[in-house]
Amino acid sequence: MSSYDDQFSSASLLKLVFPVIIIWGGNFAVMRVGVHDIGPFLLAALRFFIAAVPLIFFVRRPQVPFLFIAAYGMTFGLGQFGFLFVGIKLGLPSGLASLIVQLQVVFTPLLALVVLRQRIPKTTLGAIAISLVGLSLILLGTGHGHVAVIPVILGTAAALSWGASNVIVAWGASHGYDYNPVALVIWASSLLPAPFLGAAFIAGEFNSVTSTGLLSALIPALYLGAIATVMAYHLWVRALSSYPAATVAPFSLLIPIIGLSLGWVIFGETLNGSEAIGCALVIAGVVVHISGLRIRSYRARRSTKIPSPRHGATRY
3 MSSYDDQFSS
13 ASLLKLVFPV
23 IIIWGGNFAV
33 MRVGVHDIGP
43 FLLAALRFFI
53 AAVPLIFFVR
63 RPQVPFLFIA
73 AYGMTFGLGQ
83 FGFLFVGIKL
93 GLPSGLASLI
103 VQLQVVFTPL
113 LALVVLRQRI
123 PKTTLGAIAI
133 SLVGLSLILL
143 GTGHGHVAVI
153 PVILGTAAAL
163 SWGASNVIVA
173 WGASHGYDYN
183 PVALVIWASS
193 LLPAPFLGAA
203 FIAGEFNSVT
213 STGLLSALIP
223 ALYLGAIATV
233 MAYHLWVRAL
243 SSYPAATVAP
253 FSLLIPIIGL
263 SLGWVIFGET
273 LNGSEAIGCA
283 LVIAGVVVHI
293 SGLRIRSYRA
303 RRSTKIPSPR
313 HGATRY
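Following my numbering, the residues of the sequence shown are numbered contiguously, the last one being 318.
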């Protein structure tokens, strides 16, 4: 059983995850711009094509089983974004979608508990509970009661796929898989353009796409492919490979906060009272989680009596 009392540096974890939260927080604003001229499946195909080409010709395939790469690609890419985009196509508002996918914070620890036997610390459980209350308030405040059940189910399936991809990475780390996270993301991304192009064909997106639309979507696709996929998932995979999955996952609860803030700045969207209180609770939950990390790190150092760095000890 993996222990949460192992020594780890909370500062190092924060350096990995906070850039990811900022980048992914901007995802939905960029997607909103990108899907204006081309369909979501075409945008996804372009996103993962940019993430894979031309870097795949310069990066060696990770020395891990192909099924591991395929499983990661199918969950983090095809599953997560496939379900999410279909849900949006069927009427799931993008703002609501950015909130629903945060259910991965619940799915990840539960899957890690079942698959990896990683126990969940009490502070993390408390942090998740506080943040989920905040998310519920935000959902109640958005006024999307007209949304059908099926799009919400698809959004939930996207969150489950994201949680599964987190656990796949953690499973690989527990089995000693040693690879460059960038290489994993690039090679996994290379498997995704074809199925997304097939989905675009079935959805009829090719019937309305124009060369002007493709050019207009290029900059958003570059952001989504190069920054949000290669750069952000590189940092996310590094975090999941170094820390328990349930320790990393709660940080994504900050994504809707960034998304709502950008919506206010860029698109003039405003927060009502319920949404503002919900955002504050989400942030409070993350603060509780970070505090728990620091407390466990301090206790781990005390229990092993690590000498001061002045005497040549490694700084944690």
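The beta carbon of each residue, even a glycine, is placed where N, CA and C say it ideally should be. Since we're looking at a predicted model, the values are computed, not measured.
- DSSP places Val135 within a helical segment (H, G or I) once states are collapsed to three.
- Note on the stretch 184 to 223: there is no whole beta strand (DSSP E) run with a minimum of 3 residues.
- Distance from Ala230 to Thr110 at the Cβ level is roughly 19 Å; contact not present, criterion being Cβ atoms closer than 8 Å.
- Between Ala202 and Ala73, the C-beta gap is not smaller than 8 Å, which leaves the two residues out of contact.
- It is roughly 22 Å from the alpha-carbon of Leu237 to the alpha-carbon of Gly287.
- Boundaries of the alpha helix (DSSP H) harbouring Arg34: 29 to 36, taken from the DSSP string.
- Between Ile188 and Ala282, the CB-CB gap reaches or exceeds 8 Å.
- A direct Cα-Cα distance of roughly 37 Å separates Leu220 from Ile279.
- Annotation for Leu226: no alpha helix (DSSP H) segment contains it, and DSSP assigns it neither H nor E.
- Around the C-beta of His291, 16 or more other C-beta atoms lie within 10 Å, and the residue is accordingly described as buried.
- Counting C-beta pairs closer than 8 Å gives fewer than three between the stretch 203 to 214 and the stretch 14 to 24, which falls short of the contact rule.
- Taking all protein chains in view, the Cβ of Tyr300 is surrounded by fewer than 16 other Cβ atoms within 10 Å, so the residue is classified as exposed.
- In this chain, the alpha helix (DSSP H) harbouring Val267 covers 257 to 269.
- Where Ile122 is concerned, there is no enclosing alpha helix (DSSP H), because DSSP gives it neither an H nor an E.
- For Ile122 and Gly81, the gap between their C-alpha atoms comes out near 25 Å.
- Annotation for Ser244: the continuous alpha helix (DSSP H) segment containing it runs 234 to 244.
- Of all C-beta pairs linking the stretch 23 to 37 to the stretch 155 to 170, fewer than three are shorter than 8 Å, placing the two stretches out of contact.
- Collapsing the DSSP output to three states places His177 in coil.
- Excluding sequence positions up to five before and after Ile257, its CB lies within less than 7 Å of the CB of Ile23, Trp26, Gly27, Ser100, Gln104, all in the same chain and listed in chain order.
- Judged by their CB atoms, Ala161 and Gly79 are not nearer to each other than the 8 Å cut-off.
- The C-beta distance from Leu226 to Val32 rounds to 6 Å, short enough to fall under 8 Å.
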